[in-house]
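What follows is one structure encoded as structure tokens, with my remarks underneath.
Chains as they are written, first to last, in our numbering: chain A, 42 to 336; chain B, 448 to 707.
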């Protein structure tokens, strides 16, 4: 279980990434406003002989501004957990609070930026209009006192993600990697304090993935949103994260949480360092141990 | 095969056949059909009239046919507009309120399998000898293809995009307007192609009784007087008009869907 009681250990923030004003000195174990808290969350599909326990009693606490990756094989429930965090799926039991709000309240206030597996860009809109989608929808959230979103400047984000020259293009004119960058830009422009990313690079070739990981790191470094990222690549998890949550299947549970204390900013060189390789090995070993124990 | 796949097939066709072959192939087919037609017309006179007499008939009375075509076309287009609108609106309601699916679809299917020739007399009795029964028959004919295609289209939205909308707590109307309707446009146009042709058929068939105006009535008149050239002019006009209407839907689709 990740349980940060001291947020001074958290990475420095550009400003308060949650945007939720709270009195100083209250940050601690009991301060749900400053962290994501998952307590005893389980998820069961079906009944009787068709009953499948996808998640079994997940406990997890993620402080604001952290980049946390859920890592594990297919069927370990990492995407299910992410969808529960986003309020896209109902949990069977347990509690989830996102900076003190339920996922439903957080979604209503546009406090969650969801980046799915495919880019999910709307083909009839230009890249710029796609990236601005969050401003077209649910405008009542702007008057919602629960809203903590601080929309970012669209041109700056497009520039930072190398899409400025393609702002007027439609998605069909772009490569898969560029479309995925646009989907990430959409998340950042929304300005939500929490970004949930469900294997956003899984459909891309290895070279494009490499480039995109570094782009994402670069942009995240500037905006310091809390990110929960799902992947089944150990190297990707180590490169991007402050912590890697290793999950095993049947039912989906947390096997270990590996702290990635590699220096930031991280670049291409990091992948060749012994420290990086050791962390990747550690993450894989924890997964293997948990899985073999299960078998 | 829906309109999209027909266009894709046509595009593949263009890519593989030389230009000359593309132009000549249909011409050869038409010439063969024409020759076959002429052979039948000369040897079995009661079945088909010679093509020349068909052209002469049209050339002799273009105003007559234009007037009847206008009657049929206005009923078909009015019926198409009404049927298509009802089809799309019901599809939207069914997608949002599942209970309506069980309530509406059986009625819609029953309407569709009931022959329009059987409905027409009842409608004439109900609404009188005017354009209303013909418009209603055209609307009934257009309604189901539009409903089925709209339903398919409205449900064919990208799941990941739906998740993005849900994560932003977009309202049903926002999701409909910004996601479902634009996503369903290719299906809506495919439905419109089928619906407009069906409306034209419905309109013509309904004119077989209760009226002396319209292409359908012209065909019945020609049958009464065994006027084969008149009958075939009316048939050709109705086929070419349907093709023209489908072509117009194609053009509208190309103008609207610019992202495909």
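A virtual CB, placed ideally from N, CA and C, is assigned to each residue, including glycine.
For residue 676(B) against residue 496(B), the beta-carbon gap comes to about 5 angstroms, under 8 angstroms, which counts as contact. Restricting attention to 271(A), 261(A), 291(A) and 289(A), the CA atom closest to the CA of residue 306(A) is found in 261(A). Residue pairing by DSSP places residue 294(A) opposite 289(A) in a beta bridge. Listed along chain B, the residues sitting closer than 8 angstroms to residue 129(A) by beta-carbon distance are 610, 613 and 614.
By the 16-neighbour rule on beta-carbons within 10 angstroms, residue 198(A) is buried. Under the Cβ criterion of 8 angstroms, residue 581(B) is not counted among the residues facing chain A. In this structure the stretch 636 to 644 of chain B lies against the stretch 584 to 594 of chain B, because at least three pairs of beta carbons, one per stretch, are closer than 8 angstroms. The stretch 594 to 614 of chain B makes contact with the stretch 532 to 543 of chain B: 3 or more CB pairs, one atom from each, lie closer than 8 angstroms. In the three-state scheme derived from DSSP, where H, G and I count as helix and E and B as strand, residue 235(A) is classed as strand.
Bounds of any beta strand (DSSP E) do not take in residue 129(A), whose DSSP letter is neither H nor E. For residue 153(A), the residues of chain B that pass the 7 angstroms Cβ criterion are 614, in the order they occur in the chain. A residue is called buried once 16 or more other Cβ atoms fall within 10 Å of its Cβ, and residue 679(B) is buried on that count. When secondary structure is reduced to three states using DSSP, residue 660(B) falls in the coil class, being assigned neither helix nor strand. Nearest to residue 297(A) by alpha-carbon distance, out of 315(A), 78(A), 317(A) and 330(A), is 330(A).
Around the CB of residue 242(A), 16 or more other CB atoms lie within 10 Å, so the residue is classed as buried. With its beta carbon at least 8 angstroms from every one in chain A, residue 603(B) lies outside the interface. Chain order gives the chain A residues near residue 706(B) as 164, 165, 211 and 213, where near means a beta carbon separation below 7 angstroms.
In this structure, the CA atom of residue 327(A) is about 9 angstroms from the CA atom of residue 288(A).
Residue 548(B) carries a helical assignment under DSSP once its states are collapsed to helix, strand and coil. With a cutoff of 8 angstroms on beta-carbon distance, residue 646(B) and residue 527(B) are scored as near each other. Only those residues of the stretch 184 to 208 of chain A whose C-beta falls short of 9 angstroms from the nearest C-beta of chain B would be listed, and there are none. Contacts between residue 697(B) and chain A, judged by CB atoms closer than 8 angstroms, are missing: the closest CB pair is about 19 angstroms apart. Taking a contact as a CB-CB distance under 8 angstroms, the pair residue 285(A) and residue 324(A) counts as one, their CB atoms being some 5 angstroms apart. With a minimum length of 3 residues, there is no unbroken run of beta strand (DSSP E) contained wholly in the stretch 490 to 554 of chain B. Residues of chain B with a Cβ closer than 8 angstroms to the Cβ of residue 243(A) do not exist; the shortest Cβ-Cβ separation is about 12 angstroms.
Per DSSP, residue 677(B) is one residue of the alpha helix (DSSP H) stretching across 675 to 703.
CA-to-CA, the gap between residue 76(A) and residue 244(A) works out to about 31 angstroms. Secondary structure at residue 636(B): helix, using DSSP grouped into helix, strand and coil. For residue 302(A), the three-state secondary structure derived from DSSP is coil. Fully contained in the stretch 166 to 249 of chain A are the following alpha helix (DSSP H) runs of length 4 or more, in chain order: 168 to 172, 174 to 177, 195 to 201 and 217 to 231. Within the stretch 619 to 642 of chain B, those residues whose Cβ lies closer than 9 angstroms to any Cβ of chain A are, in chain order, 621, 622, 625, 626, 629, 630 and 632. For the pair residue 563(B) and residue 653(B), the CB atoms are nearer than the 8 angstroms cut-off.
Apart from the 5 residues on each side of it in sequence, residue 220(A) sits with its Cβ closer than 8 angstroms to the Cβ of 160, 162 and 212 in its chain, given in chain order. At the C-beta level, residue 650(B) and residue 555(B) stay beyond 8 angstroms of one another. Close to residue 234(A), with beta-carbon spacing below 9 angstroms, lies no residue of chain B; the smallest spacing is near 14 angstroms. The bridge partners DSSP lists for residue 284(A) are 109(A) and 300(A).
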